[in-house]
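Inspection log for the structure reproduced underneath, given as structure tokens.
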Amino acid sequence: MNFYILEDDPIGQQRIQHYLPSSFITDSPTKLITALAADPHPKIILLDLEIKGLLHAGINTAKMIRQTDCISPIIVITTHDELSLQIFQSHISALDFIQKAQPETQFGKKLQLAIQMAYQRLTQVDLKMPVWLAIHNGVHTETFDLNTISHVSSNNGRHYINVHQSNITTQIRNTIKQISRYHDKFLQVHASFCVNQDFIQQYQCKDKVLLLTTGDLLPVSRRFKHNLSYLQP
Numbered sequence: 001m002n003f004y005i006l007e008d009d010p011i012g013q014q015r016i017q018h019y020l021p022s023s024f025i026t027d028s029p030t031k032l033i034t035a036l037a038a039d040p041h042p043k044i045i046l047l048d049l050e051i052k053g054l055l056h057a058g059i060n061t062a063k064m065i066r067q068t069d070c071i072s073p074i075i076v077i078t079t080h081d082e083l084s085l086q087i088f089q090s091h092i093s094a095l096d097f098i099q100k101a102q103p104e105t106q107f108g109k110k111l112q113l114a115i116q117m118a119y120q121r122l123t124q125v126d127l128k129m130p131v132w133l134a135i136h137n138g139v140h141t142e143t144f145d146l147n148t149i150s151h152v153s154s155n156n157g158r159h160y161i162n163v164h165q166s167n168i169t170t171q172i173r174n175t176i177k178q179i180s181r182y183h184d185k186f187l188q189v190h191a192s193f194c195v196n197q198d199f200i201q202q203y204q205c206k207d208k209v210l211l212l213t214t215g216d217l218l219p220v221s222r223r224f225k226h227n228l229s230y231l232q233p
């Protein structure tokens, strides 16, 4: 397994290399992108958010990575807790968010746990064979791999829906009600949302929302909450 790290602080670089001694580490987003593109093997990516005074450099780098790589786990390591929501909203599918300022013992445990989760995620991806679905797009059809679809959302009440796949969103002419019938992995949780249950990370019953492994939060309506009964205690 290859590890790639974007970190501009020399002390931070040494700290991470203590846990991942064979990793590729750089303070240049361009060099990181180039190195990733040259490596066809499975990899785990660790990103600091602020690079050389640019607060959003890490998020922008993650977006560039996701343009060509929707598989490699991304772990965010930063001091900027206030950007956690923005990370989720950026659809970069960050696997974990690690705070730099925590004590070393906690930092090490958190990092090791995140690496274990990343290994598991890659193993799951390797084991899954494509499940091809031919979904109607008006009078035509579009082919999707079920394993890549996290959820489907309606498009402002129009007769179009958005099929969400990692960093790719495809608009087609169909309805949420119809989508839930294409495969038993699809669960309708709201009049405007249908989720692939393999992407559900947590059902927050009190707030009536679903947290997906992609970081997306989906509302759950009273009408469809029975579809999540298997997740409730």
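Read in order, the letters of the sequence shown correspond to residues 1 to 233 in this note's numbering. All C-beta atoms, glycine included, are put in the ideal place defined by N, C-alpha and C. Just so it is clear, the structure is predicted and the values come from calculations on it, not from any experiment.
Please classify residue i: is it buried, with 16 or more other beta-carbons within 10 angstroms of its beta-carbon, or exposed?
i, result
"Asn174", "buried"
"Ala37", "exposed"
"His151", "buried"
"Gly215", "buried"
"Tyr230", "exposed"
"Ser242", "Shown here, the chain extends from 1 to 233; a query on residue 242 therefore has no answer."
"Ile161", "buried"
"Ala118", "buried"
"His140", "exposed"
"Val131", "exposed"
"Leu113", "exposed"
"His226", "exposed"
How is residue i classed by DSSP in three states: helix, strand or coil?
i, result
"Phe186", "strand"
"Phe193", "strand"
"Ala94", "strand"
"Asn155", "coil"
"Lys225", "helix"
"Lys99", "Just to set this straight, residue 99 is Gln in the shown sequence, not Lys. Note: Gln99 maps to strand in three-state DSSP."
"Ala38", "coil"
"Glu142", "strand"
"Leu147", "It should be noted that the sequence gives Asn, not Leu, for residue 147. Residue state, collapsed to three classes: helix."
"Pro219", "strand"
"His136", "strand"
"Leu20", "coil"
"Thr26", "strand"
"Tyr230", "helix"
"Leu49", "coil"
"Gln67", "coil"
"Lys208", "coil"
"Tyr160", "coil"
"Asn60", "helix"
Could you tell me the distance, in whole angstroms, from the CA atom of residue i to the CA atom of residue j?
i, j, result
"Ala57", "Leu49", "6 Å"
"Thr61", "Ile44", "14 Å"
"His80", "Asp8", "15 Å"
"Ile115", "Pro42", "13 Å"
"Gln197", "Ile65", "25 Å"
"His159", "Gln178", "11 Å"
"Val282", "Pro21", "Residue coverage of the chain in this structure runs from 1 to 233, which leaves residue 282 outside it and unanswerable."
"Phe107", "Gly12", "12 Å"
"Lys100", "Gln89", "21 Å"
"Leu133", "Glu142", "8 Å"
"Thr170", "His164", "7 Å"
If contacts are defined as beta-carbon pairs under 8 Å, then residue i and residue j qualify, I think. What distance do you get, rounded to the angstrom?
i, j, result
"Ile74", "Ala94", "5 Å"
"Ile168", "Phe193", "In fact, because the Cβ distance is near 18 Å, the residues do not count as touching under 8 Å."
"Leu228", "Val220", "7 Å"
"Ile59", "Ile92", "7 Å"
"Ile51", "Leu85", "Contact flag wrong, Cβ pair sits at about 20 Å."
Select from the options the residue whose C-alpha is nearest the C-alpha of residue i.
i, options, result
"His183", "Asn147, Ser192, Ile92 and Tyr119", "Asn147"
"Ser28", "Lys109, Arg121, Leu54 and Ile98", "Leu54"
"His136", "His159, Gln112, Ile172 and Glu104", "Ile172"
"Ile16", "Leu133, Thr105 and Lys31", "Thr105"
"Leu111", "His226, Phe3 and Arg223", "Phe3"
"Phe199", "Leu218, Ile25 and Ala191", "Leu218"
"Ile149", "Lys208, Pro103, His18 and Ser180", "Ser180"
"Ser166", "Tyr203, Leu83, Thr68 and Met129", "Thr68"
"Leu122", "Ala191, Lys208 and Cys70", "Cys70"
"Thr30", "Met129, Lys63 and Lys208", "Lys63"
"Lys185", "Thr26, Leu83, Asp145 and Leu46", "Asp145"
"Lys245", "His18, Asp207, Ser153 and Val195", "This structure cannot settle anything about residue 245, because the visible part of the chain is limited to 1 through 233."
"Thr213", "Arg223, Ala191, Ser154 and Gln120", "Gln120"
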